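Since the structure comes first, as structure tokens, the remarks are kept for the end.
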Amino acid sequence: MAWIVAVWVSFAELCAQTAERLPAFEVVSIRPSGANSRTRGIYTFPGGRVTGENRTLSDLIEEAFDLQRFQVLGGEKWVHEDRYDFDARPPKSSKSSQANPSSIKLPPNEEQRGMLRAMLLDRFQLKYHMETREGPVYFLEKSGKELKLAPSKNPAEFPWVGFRGEEAKSTIGLGGENAPMPLMAKRLSTLLARTVVDRTGLEGSFDFGYQYVADDPKGERIHAIFVSVEAIGLKLESGKGPIRYLVIDSASKPSEN
Numbered sequence: 013m014a015w016i017v018a019v020w021v022s023f024a025e026l027c028a029q030t031a032e033r034l035p036a037f038e039v040v041s042i043r044p045s046g047a048n049s050r051t052r053g054i055y056t057f058p059g060g061r062v063t064g065e066n067r068t069l070s071d072l073i074e075e076a077f078d079l080q081r082f083q084v085l086g087g088e089k090w091v092h093e094d095r096y097d098f099d100a101r102p103p104k105s106s107k108s109s110q111a112n113p114s115s116i117k118l119p120p121n122e123e124q125r126g127m128l129r130a131m132l133l134d135r136f137q138l139k140y141h142m143e144t145r146e147g148p149v150y151f152l153e154k155s156g157k158e159l160k161l162a163p164s165k166n167p168a169e170f171p172w173v174g175f176r177g178e179e180a181k182s183t184i185g186l187g188g189e190n191a192p193m194p195l196m197a198k199r200l201s202t203l204l205a206r207t208v209v210d211r212t213g214l215e216g217s218f219d220f221g222y223q224y225v226a227d228d229p230k231g232e233r234i235h236a237i238f239v240s241v242e243a244i245g246l247k248l249e250s251g252k253g254p255i256r257y258l259v260i261d262s263a264s265k266p267s268e269n
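Just so we're aligned, residue 13 is where the sequence shown starts under the numbering used here, counting upward by one.
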């Protein structure tokens, strides 16, 4: 039987919880992105600084709550279309002020995610509730065939999972560098728009890759994922499981700096 659990939090209660529990950036600057801005991303710097370029509010919610795009529901049209740049710096008393990420592309740490949540509550007046629903998921498991996962050559390398190959030559496939299995499951969740649960039991980080010749690279991306996963000794099994969702009740465009 399908089931759903919803947790509503009143704004007053949320503000009280935020003041008591959520860390906050000391300085935050938010402005609309330039009309010609093409760069998109969130970056972390030594000293705990976090910046974002060309990000929608829904993008920021995904990062702050560590969710996938399909897990964020609701919101007015501007929430998913209007784009903003931000520059945020933590107080010197925070642990994040001592952070020294090896790459600016590494995601925010848990304290910084809390600071991002506080920023959304304060500057975007975000109100939301969380729901857990039963739905279709994939389980990432070992297939029983030979594993073609090499221990990472460079553990300091930026962890990455994504498509490799040249679409112009119709060679595509899934690859990874310094990638732990939880990251692979998360990346597969993004590519497949469905929760992927890591059940491989594999620890450590790996380098891997597989390519094949496709008739239509753009049209065969989903097929390429399943073929690549099987080629490296893993499999994706369909199943049912709990899926977390954040439902936007209301939000406002950010206040002036």
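Don't be surprised by glycine CBs; every beta carbon is placed ideally from N, CA and C. As the structure is a prediction and not an experimental result, all values here were calculated from the model.
Assign F151 to one of three DSSP states: helix, strand, or coil.
-> strand
Could you tell me which uninterrupted alpha helix (DSSP H) segments, each at least 4 residues in length, are contained entirely in the stretch 173-206, listed from first to last along the chain?
-> 193-204, all fully within the stretch 173-206.
Report the rounded CA-to-CA distance for K278 versus L118, giving the unit in angstroms.
-> Here the chain has residues from 13 to 269 only, and residue 278 is not among them.
Counting only the same chain and skipping the five closest in sequence on each side, list residues whose C-beta sits under 7 Å from that of T30.
-> Confidence at T30 is low in this model, with a pLDDT of 46, below 50, so the placement of that residue is unreliable and no value is reported for it.
State the Cα-Cα distance for the pair L204 and G174, rounded to the nearest angstrom.
-> Going from the Cα of L204 to the Cα of G174 covers about 12 Å.
Could you give the distance in angstroms between the alpha-carbon of R61 and the alpha-carbon of D97?
-> The straight-line gap from Cα to Cα measures roughly 14 Å.
If you compare alpha carbons, which of L79, A168, A111 is closest to R256?
-> L79
Roughly how many angstroms lie between the CA atoms of V39 and P171, to the nearest whole one?
-> 29 Å
Is it true that the CB of V209 sits closer than 8 Å to the CB of F151?
-> yes
Which ranges does the alpha helix (DSSP H) cover as unbroken runs of at least 4 residues, wholly within the stretch 67-136, from first to last along the chain?
-> 69-77, 89-93, 122-135
Distance between R81 and G46 (C-alpha atoms, nearest Å) = 23 Å
Assuming A100 contacts P58 (C-beta within less than 8 Å), just tell me the rounded distance between them.
-> 14 Å between Cβ atoms; not a contact.
Indicate the three-state DSSP secondary structure (helix, strand or coil) for R233 in the structure shown.
-> helix
For the candidate residues I73, W90, A168, whose alpha-carbon lies nearest to that of R125?
-> Minimum Cα distance to R125 is reached at I73.
Unbroken alpha helix (DSSP H) run spanning R33, endpoints = 23-33
Taking C-alpha atoms, which residue in S217, K230, G187 lies nearest to Q223?
-> Here the closest residue by C-alpha is G187.
Selection from R145, S155, P148, R233 that minimises the alpha carbon distance to L214 = S155
What first and last residue would you give for the beta strand (DSSP E) that runs through G53?
-> It spans 53-56 - the beta strand (DSSP E) in which G53 sits, taken as one unbroken run.
Taking E268 as the reference, give the member of P35, R33, L34, R43 with the closest Cα.
-> R43
In angstroms with no decimal places, state the Cα-to-Cα distance between S115 and G147.
-> 35 Å
Can you tell me the Cβ-Cβ gap for K275 and A76, rounded? I've got them flagged as a contact below 8 Å.
-> No answer is possible for residue 275: the residues shown for the chain start at 13 and end at 269.
Where E169 sits in the DSSP three-state scheme = coil
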